[in-house]
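Participant: Got a structure for you, questions after.
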Amino acid sequence: MIIEYKDGIDPTITGSNPHDYKCMYCDLKLKCEPAKKITKMTMRKVKPHFIEHKNAMEEIHGPFENWYFKTVTGLNYEGTRLAKCLACGWWSIVEEYWIAAEWQIWQLFYGLDGIIKDINVADASVPINELRSFLIRKYTKRFYVNPKSFEHLAASVFSDLGYNTVCTGYSKDGGIDLILNNNSNTIGVQIKRTKNNIKVEQIRAFLGAMVVNGYNKGFFVSTSNFQSGCNKIANRVGIELINASKFYDALKEAQIIHYNDEFAIDHSSFSHLHFIGCYPMNSL
Ligand SMILES: [Zn+2]
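With the working numbering applied, the sequence shown corresponds to residues 435 to 718, in that order.
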């Protein structure tokens, strides 16, 4: 996964919210798990944040009665949570503490977010797994991916979805870029990494390549869309049209299958988290 992290990211920019368990990039539910405690927070370290919150509240609501913020306990550690998106690789760590005041319990959150590195998608040496998670995050960049890399990427997606996949080799394929095998079905695949919508003639040409190679089932993958009329002919001759949005869904599904068990974040090197916010837990 292509992840780097920085200390002190402004949560209002990265979207880190301790109550929001959805990925800020692809809107998928995050996988949450308990993590090891990271910080060594003390009441002395936390106090300025607590006061800052009190001042901000008073600016909005006017002065509070003393008991509302008057602490009656020290700082209590509640837990550390790691939330990660299996599709795009984004993650967030949140550590939670609480302090009881006479008439209120206050929760304090500290956290750190992953940032997905920008990569040059046209560079053929970028590893396919990095391209995959990057495209989930910035799918508009699909048009600039090296065409050969895009074929390998599509091959890896079909592999994760359960097909035996063979790349036929770039530009000497007679229109078949991938061959998929699944339950004794053989499927020829054509991949067009293009901004233009696919024309009916291109479907016909693909059909020709399928016939020559002896396939009676085909997938036509496009990074854009298909012109009207394509659907009709495709349905008749056993070709499934996979447009940009269908391929995105397939990519997401493949990512989740791929990373379900092995998405590990080494956060042992994180030494400190930044303050996210202070929230009232209940009003007594
Ligand atoms: Zn995501």
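Where is the CB? At the ideal position from N, CA and C, for every residue including glycine.
Would DSSP call R760 helix, strand or coil?
Facilitator: Any property of residue 760 remains undetermined from this structure, which presents the chain solely from 435 to 718.
Participant: Given a cut-off of 8 angstroms on the beta-carbon distance, is the pair L612 and A639 in contact?
Facilitator: The residue given as residue 612 occupies position 178 in the sequence shown. The residue given as residue 639 occupies position 205 in the sequence shown. Going by beta carbons, L612 and A639 fall outside the 8 angstroms limit.
Participant: E674 by DSSP, collapsed to three states: which one?
Facilitator: Working through the sequence shown from its first residue, we reach residue 674 at position 240. In this structure, E674 counts as strand in the three-state DSSP scheme.
Participant: In the DSSP assignment, what residue or residues form a beta bridge with Y544?
Facilitator: In the sequence shown, counting from the first residue as 1, residue 544 sits at position 110. DSSP, once it has assigned bridges, lists E529, F709 as partnering Y544.
Participant: Quick one: is S590 buried, meaning 16 or more other Cβ sit within 10 Å of its Cβ, or exposed?
Facilitator: Here residue 590 refers to the residue found at position 156 of the sequence shown. Buried: at least 16 other Cβ atoms inside 10 Å.
Participant: Start and end of the beta strand (DSSP E) containing N617?
Facilitator: As a working note, residue 617 is residue 183 in the sequence shown. Careful: N617 lies outside any beta strand (DSSP E) and carries neither H nor E.
Participant: Excluding the 5 residues flanking E536 on each side, which residues of the same chain have their C-beta closer than 7 angstroms to its C-beta?
Facilitator: Start at 1 with the first residue of the sequence shown, and residue 536 comes out as number 102. Cβ within range, chain order: W501, K504, V506.
Participant: Keeping to the same chain, check which residues put their C-beta closer than 7 angstroms to that of E438; ignore five residues upstream and five downstream.
Facilitator: If you number the sequence shown from 1, residue 438 lands on position 4. Only weak support exists for where E438 lies, its pLDDT of 36 falling under 50; the value from the coordinates is given anyway. Around E438: I549, K551.
Participant: Under a Cβ-count criterion, where at least 16 other Cβ atoms within 10 Å of its own Cβ denotes burial, should A558 be classed as buried or exposed?
Facilitator: Position 124 of the sequence shown holds residue 558. A558 comes out exposed.
Participant: Considering only DSSP beta bridges, list what C466 is partnered with.
Facilitator: Position 32 of the sequence shown, counted from the first residue, corresponds to residue 466. According to DSSP, which records beta bridges pairwise, C466 is partnered with A517.
Participant: Is it the case that the stretch 510-530 contacts the stretch 458-472, given that we only count it when at least three CB pairs across the two stretches are under 8 angstroms?
Facilitator: For the pair of segments examined, the stretch 458-472 was found to touch the stretch 510-530: the number of CB pairs separated by less than 8 angstroms reaches three.
Participant: Kindly indicate the opening and closing residues of the beta strand (DSSP E) around S656.
Facilitator: The residue you call residue 656 lines up with position 222 of the sequence shown. 652-656 is the extent of the beta strand (DSSP E) around S656.
Participant: State the beta-bridge partners of G622 as determined by DSSP.
Facilitator: As a first step, residue 622 is located in the sequence shown; it is residue number 188 there, counting from the start. Paired residue(s): I613, G652.
Participant: Report back the beta-carbon spacing between R627 and F568 to the nearest angstrom; my notes put them in contact at under 8 angstroms.
Facilitator: What you label residue 627 is simply residue 193 of the sequence shown in a count that begins at 1. What you label residue 568 is simply residue 134 of the sequence shown in a count that begins at 1. Actually they are not in contact, since the Cβ atoms of R627 and F568 sit about 15 angstroms apart, beyond 8 angstroms.
Participant: Quick check: is any heavy atom of ligand 1 less than 7 angstroms from the C-beta of C522?
Facilitator: Your numbering for residue 522 matches position 88 in the sequence shown. Relative to ligand 1, C522 has its C-beta within less than 7 angstroms of a heavy atom.
Participant: When we look at the beta-carbon of R394 and count the other beta-carbons within 10 Å, is it buried (16 or more) or exposed?
Facilitator: For residue 394 there is no data in the structure shown, the boundaries of the chain being 435 and 718.
Participant: Among A643, L641, I637, Y649, which one has its Cα closest to the Cα of N615?
Facilitator: Taking the first residue of the sequence shown as 1, we reach residue 615 at position 181. Check the Cα spacing between N615 and each of A643, L641, I637, Y649: the tightest is with Y649.
Participant: Would H794 pass as a contact of L546 if the rule is Cβ separation under 8 angstroms?
Facilitator: Given a span of 435 to 718 for the chain in the structure shown, any question on residue 794 remains unanswerable.
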